[in-house]
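In terms of the numbering used here, the sequence shown is residues 610 to 675. Heads up, the beta-carbon is just placed ideally off N, CA and C, and yes, glycines get one too. It should be emphasised that the depicted structure is a prediction, and the values quoted were computed from it without experimental measurement. Scroll down for the structure; my scribbles are underneath it.
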Amino acid sequence: MNLTPGIIAETTSFLEKAGSNKPLAGIVMGTGLGGMATKIEHPVIIPYSSIPHFPQATVEFHKGNL
Numbered sequence: 610m611n612l613t614p615g616i617i618a619e620t621t622s623f624l625e626k627a628g629s630n631k632p633l634a635g636i637v638m639g640t641g642l643g644g645m646a647t648k649i650e651h652p653v654i655i656p657y658s659s660i661p662h663f664p665q666a667t668v669e670f671h672k673g674n675l
């Protein structure tokens, strides 16, 4: 994908409106760390499919959420 400034701006705008405009922290959870997500009290969960220009999960067991 060619990430132009317009594409980045559109995706950023969507994420800001979805409630993730100024996160205090970000956690990348790979295989084996998914259970940690249940410990977050007020998570903002955004399906990849709703994020403009965002790649989709291709692994069957991947939930496809940000």
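> In terms of residues, what are the limits of the alpha helix (DSSP H) holding residue 614?
Replying inline: 614-624
> To which residues of the same chain is residue 666 closer than 8 angstroms at the C-beta, ignoring the five residues directly before and after it?
Replying inline: 657, 672, 673
> Cα separation between residue 623 and residue 664?
Replying inline: 15 angstroms
> Which residue or residues does DSSP assign as beta-bridge partners of residue 674?
Replying inline: 656
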